[in-house]
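Sequence lines, in order, name chains A and B. Following our numbering from start to finish, the first sequence increments by one per residue and tops out at 682. Following our numbering from start to finish, the second sequence increments by one per residue and tops out at 1683. Everything on this sheet refers to the single structure shown next.
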Amino acid sequence: MPVGVLTVVTFLPALGALLIMLLVPRRNEPALRWSGLAVSVATFVASLPLWTRFDAGDADMQFEEIMRWMPGFGVGYHVGVDGISVLLVLLTTFLMPVALASAWRAIEDRTKEFVIAMLLLETGMIGVFVSLDLFLFLVFWEAMLIPMYFVIGVWGGANRVYAAIKFVLYTMVGSALMLVAILALYYQHGAATGVYTFDLPTLTRYVIAPGRAQTLMFLAFSLAFAIKVPLFPFHTWLPDAHVEAPTAGSVILAGVLLKMGTYGFLRFCLPLFPDASVDYGPWVYALAVIGIIYGALVSTVQPDLKKLVAYSSVSHLGFVMLGLFTLTPQGMVGAVIQMINHGLSTGALFLMVGMIYERRHTRLIAEFGGLWGVIPAFSALFLIVCLSSLGLPGLNGFVGEFLILVGAFTVDKWLGAIANTGIILAAVYLLWMYQRVALGEIRHEANRRLADLTSREWAVLVPVLLLIVWIGVYPKPFTSKTEVSVQALIAQVESKASVARNKTAPRVAGVERSQEPSRRGDPRLEPTSRLSLQPARP
Amino acid sequence: MIPAPSVDLGALLPSLIVFGAGVLVLLLDLLPPRSKEHLGGVALAGLVVALLSAIPLWNRDARAFRDMVLLDNYALFFDIVICYASALAVLMSLDYLRRNGVESGEYYALVLFSTSGMMLLASAGDLLVVFLGIELMSLSLYVLAGLFKLRLASGEASMKYFLLGAFATSFLLYGIALIYGATGSTNFDRIAAAAAGRPHDALVTIGLGLLLVGFGFKISSVPFHMWAPDVYEGAPTSVTALIATGSKAAAFAALIRVLTVALKAAQPDWSVLLWAVAAVTMTAGNVIAIAQSNLKRMLAYSSIAHVGYMLVGLVAGGVSGAGAVLFYLLAYTFTTAGAFGSILLVERSDGEAVEVGDYAGLARRHPVLAATLALFLLSLVGIPPLAGFVGKFYLFGSAVRAGYVWLTVLGVLNSAIAAYYYLRVIVYMYMREPEGVDVRLVPSFAGGVALAIAIVGIVLLGVMPAPFADLAQVAVTPLVR
């Protein structure tokens, strides 16, 4: 049986972990580090065909593989990528070697377990992005929790156990309800069509009647994803997890794990529950905008560098959620690009905070100041990363946020205007932080002896910075991969929503609604690529 | 005159093999040598032969003693589960007993007798055989629980188990009598035929209630679970493993058959009752388990919670519900036996290491054992790709299918709560430093084999569940037609 690219990319890290577990002795730490890095680099190389051979003009799933797994229960091994997930898979395989390399000196205790946990985590994360079967998705979604739990809990900071347990419990409560919703969807689809299956494309073609069932399923899925994103007010696990996790863990957490939430909305909530997604769109806007502004404000006042970056994630992910639920091509493409950007920029921020922490063993902003004079290379790169995170034109952050705001303005100018303040606030908290860390006088003697970037640290940062500049200057290869898939998704949501509404129109046409019979349905039938999200009733 | 029933021992074969092995162990115990190690081997051989005998008997659907004993696929499925549970317990015992100075021939004989009682329960087609099986199983277990003659806790466990068990059995017997009074028979099929004509017969309903009390005790569902923590804690750990897995599977085997075959007509009654019992059992089990610091007590409450999950499947009913319970029992048996088997290999200088604090920093000193125990705990949490996840998926799937969505929501939230106390053990093993107590790993080849079998079991059931799930469905299909 031929093994496809996606299967190789997904399971290569796990296979590597198994081999390392069996073959590499515990005491030989360099061998453990090198073999871990080798496996992750090999995975990245194996994933490159996804970039080169991906057909950007094709909205369908590519590199698909389907195998029988539990045929009696309608479960199959079905993987594939489209323009949305392909970038996330590549982001994962790209960030993992970076994260492992960043931990070269930071992790000296139980290196073997660390390398194994990180590689298993990689398999779990890639699996989540490529799964096209709800059962398979759930397997990866839940399995991935455990290695992350170990990474935070074993190699984290002082309060790591609390943070690790909180992370797991939050996620488990969310995914518990999602499990029920998946089962409900499975049986509803089976009862309606006679085909009992967890296959996502099949389920996506099924039109669920709008109403209580769809709303409940939407809410169950959304809770799981909203916790992961994290959408305000489900974000409280994030600062703890980020602050306590080791640098490599934070990079992966911010870079990839959070994207699983937004990806989940995109892949599952929108196409499966289009009506509920539209109905609850305003709620998501509200939460997203609150998250954008709240996250930014809280970031501003953080005394701890890592906490500042952690809260900035809440703000940035708010932008992503906003873009997704605008259901406009610009907003959604922007959201996908912003997922990648956030992975790179915030990943790089965590890397650099980790580097400075390794030197000074503190992350308090007040402990620094005037670093530019001592470690100019570090400070220069740190500036670039900060600027990319706050969305300076020419760097990656600008592209995503700009597109998202275009989408938001199309929906409602006030929504766009309010969200826009998030960008201003981002400039405030990042530049103010940078000013206190890198500029001004050297206020602490300990800072005078700091060493600048080592060659290993250059090697860790340069690839990330190259991508940051590449996306900023020439984003087309990235946006073009996504565009067609996003268009197709929007068309699908629109058509499903209108089909469902039309089918049930006679039933829901009550006294109240009949006063304005046509307003609500009409915009959906227009050949625009945008859904009307205005409430129908005055 | 009552015609003498034809004697067809074929339908009792697996159970008889185990029973015969028990008698053989008793006889060999009288002969030299003084060392009793070989008796464990004999017991193991008996269990393996019984296990293998299930293969040719599959699909034969043998019946004997005027349908009092049924050796259908359903019984064979449980025979396999029970033999595995018992064999794992025996493997764990080999070194464990010697270490604790209680190695004896009776131990293995009693394990085998109780196992044959369990297998009899699985093949019971008559309430009297149910009673017989429960007595054979329980009496042996009462004695086994008190095997550590010099330990107070062991004696307490034995006494408590016996007194409460005998009390519960009397409820069961009273229920049997009432149902006999109402329907004129103790045979499942004839009860079903008689009860079908008279829905809402008060006698049947009361008899059903009393039966559920008796079974509730054996499977340790709330509110009949009080004995479980004390017995689990006090009994030798290998016996605890057997009580938690084999005896529970056997009681479930009989319970499912009684409810779905004999008392099918009363399904509206018992499914409402069990709905409430399931909800209370899983919630109470999980919530109380959070407060435990003794690992054996924690696993006792966790096993109560797992009974709650399985009752969800029973409430859901049908082929999918009952099949899910069977699959879950298989998964649960490997997982729980493995968890107890791991605990049993850790020892303090002054006895067994059962406090969660004893496990602090275990991963640093004994990484393999810590990883093994962590694997079993993760399967109990329900993390894929391990058996517990698939088991829960089937169970909750059947409940959603039958329309019990809120019970399912309660169940999944419960499994999220449960994650807390299972993961706490992992926190101790991996994320804390040793607390100064001298804890060591006892080398045991047989124990290692038992753990290896259990690990293969939970991984296989987690990755390739389809053949086993099909087997479970085939086994229950004739019952719930």
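All C-beta atoms in this analysis are idealised placements derived from N, C-alpha and C, irrespective of residue type, glycine included.
C-beta neighbour in chain A for residue i, strict 9 Å
i: arginine 1567 (chain B); result: no
i: alanine 1668 (chain B); result: yes
i: glutamine 1494 (chain B); result: no
i: phenylalanine 1333 (chain B); result: no
i: aspartate 1672 (chain B); result: yes
i: phenylalanine 1591 (chain B); result: yes
i: leucine 1705 (chain B); result: An answer regarding residue 1705 (chain B) cannot be provided, because it is not within the stretch 1203 to 1683 covered by chain B.
i: leucine 1532 (chain B); result: no
i: leucine 1580 (chain B); result: yes
i: phenylalanine 1280 (chain B); result: no
i: valine 1556 (chain B); result: no
i: phenylalanine 1152 (chain B); result: Nothing in the structure corresponds to residue 1152 (chain B), since chain B is present only between 1203 and 1683.
i: glutamine 1469 (chain B); result: no
Chain B contact residues for residue i, given Cβ-Cβ distances below 7 Å
i: tyrosine 331 (chain A); result: Val1602 and Arg1603
i: methionine 316 (chain A); result: Ala1618 and Ala1621
i: alanine 328 (chain A); result: Val1602 and Val1607
i: leucine 323 (chain A); result: Phe1598 and Val1614
Residues near residue i in its chain [Cβ-Cβ closer than 7 Å; skip 5 each side]
i: tryptophan 248 (chain A); result: Arg177 and Arg600
i: leucine 234 (chain A); result: Ser191, Leu194 and Trp195
i: methionine 483 (chain A); result: Leu232, Lys403, Thr406 and Val464
i: leucine 441 (chain A); result: Leu569
Chain B within 9 Å of residue i, Cβ atoms only
i: isoleucine 250 (chain A); result: The question names isoleucine, but residue 250 (chain A) in the sequence shown is alanine. For alanine 250 (chain A), the answer is no, since every Cβ of chain B falls outside 9 Å of its Cβ.
i: arginine 504 (chain A); result: no
i: leucine 297 (chain A); result: Checking the sequence, you will find glycine at residue 297 (chain A) rather than leucine. Cβ-Cβ to chain B under 9 Å: yes for glycine 297 (chain A).
i: proline 661 (chain A); result: Per-residue confidence for proline 661 (chain A) stands at a pLDDT of 39, beneath the threshold of 50, marking its modelled position as unreliable; no derived number is given.
i: alanine 603 (chain A); result: no
i: alanine 216 (chain A); result: At residue 216 (chain A) the sequence reads glycine, which differs from the alanine that was named. It does; some Cβ of chain B falls within 9 Å.
i: glutamate 257 (chain A); result: yes
i: leucine 282 (chain A); result: yes
i: arginine 600 (chain A); result: no
i: arginine 411 (chain A); result: no
Bounding residues of the beta strand (DSSP E) (the contiguous stretch that carries residue i)
i: arginine 212 (chain A); result: 206 to 214
i: leucine 1643 (chain B); result: 1641 to 1643
First and last residue of the uninterrupted alpha helix (DSSP H) at residue i
i: histidine 222 (chain A); result: Here histidine 222 (chain A) belongs to no alpha helix (DSSP H); instead the beta strand (DSSP E) covers 219 to 225.
i: arginine 349 (chain A); result: 344 to 349
i: arginine 1634 (chain B); result: Neither: arginine 1634 (chain B) is in no alpha helix (DSSP H) and is coded neither H nor E.
i: alanine 1266 (chain B); result: Note, alanine 1266 (chain B): premise wrong, no alpha helix (DSSP H); beta strand (DSSP E) at 1264 to 1266.
i: arginine 1301 (chain B); result: 1275 to 1301
i: arginine 600 (chain A); result: 599 to 617
i: arginine 1550 (chain B); result: Premise fails: arginine 1550 (chain B) lies in the beta strand (DSSP E), 1548 to 1550, not in any alpha helix (DSSP H).
i: serine 446 (chain A); result: Note that residue 446 (chain A) is glutamine in the sequence shown here, rather than serine. Neither: glutamine 446 (chain A) is in no alpha helix (DSSP H) and is coded neither H nor E.
i: glycine 268 (chain A); result: 255 to 274
i: lysine 403 (chain A); result: 402 to 408
i: serine 1544 (chain B); result: 1520 to 1545
Neighbour list for residue i in chain A, Cβ cutoff strictly below 8 Å
i: isoleucine 1585 (chain B); result: Glu286, Ala287, Leu289 and Ile290
i: valine 1629 (chain B); result: Gly297, Val305, Ala308 and Ile309
Cβ-based neighbour list, residue i, same chain, cut-off 8 Å, excluding 5 preceding and 5 following
i: serine 1495 (chain B); result: Glu1557, Val1558 and Gly1559
i: cysteine 530 (chain A); result: Leu493, Leu574, Leu575, Met577 and Tyr578
Contacting residues, own chain, Cβ-Cβ under 6 Å from residue i (five flanking each side not counted)
i: alanine 368 (chain A); result: Gly318, Ser319 and Met322
i: arginine 651 (chain A); result: Confidence at arginine 651 (chain A) is low in this model, with a pLDDT of 41, below 50, so the placement of that residue is unreliable and no value is reported for it.
i: tyrosine 1530 (chain B); result: Met1512, Gly1593 and Leu1597
i: glutamate 656 (chain A); result: Residue confidence for glutamate 656 (chain A) is low, a pLDDT of 39 falling below 50, so the modelled location carries little weight; the figure read from the coordinates is stated next. Cβ within range, chain order: n/a, list empty.
i: glutamate 1308 (chain B); result: none
i: tyrosine 1632 (chain B); result: Ala1565
i: phenylalanine 409 (chain A); result: Phe369 and Leu468
Where residue i meets chain A, residues with beta-carbon distance less than 7 Å
i: valine 1643 (chain B); result: Looking at the sequence itself, residue 1643 (chain B) is leucine, so the reference to valine does not match. Result: empty, since nearest Cβ-Cβ is about 16 Å, beyond 7 Å.
Partner residues on chain B for residue i, Cβ-Cβ distance less than 9 Å
i: alanine 320 (chain A); result: Val1611, Gly1613, Val1614, Leu1615, Asn1616, Ser1617 and Ala1618
Within chain A, the residues that residue i reaches when beta carbons sit closer than 9 Å
i: methionine 1633 (chain B); result: Phe294, Gly297, Val298, Gly300, Arg304, Val305 and Ala308
Chain C within 9 Å of residue i, Cβ atoms only
i: leucine 1513 (chain B); result: No chain C appears in the structure shown, which is made up of the protein chains A and B.
Cross-chain neighbours of residue i in chain B, by beta carbon under 8 Å
i: valine 312 (chain A); result: Ala1621 and Leu1625
Alpha helix (DSSP H) runs wholly inside the stretch 1441 to 1507 of chain B, at least 4 long, in chain order: 1450 to 1459 and 1469 to 1492
Which parts of the stretch 1360 to 1415 of chain B are runs of the alpha helix (DSSP H), unbroken and 4 residues or longer, counting only runs that do not cross its ends? 1390 to 1399
With a floor of 4 residues, list each alpha helix (DSSP H) that falls wholly inside the stretch 501 to 579 of chain A, ordered by position along the chain. 515 to 518, 520 to 534 and 540 to 555
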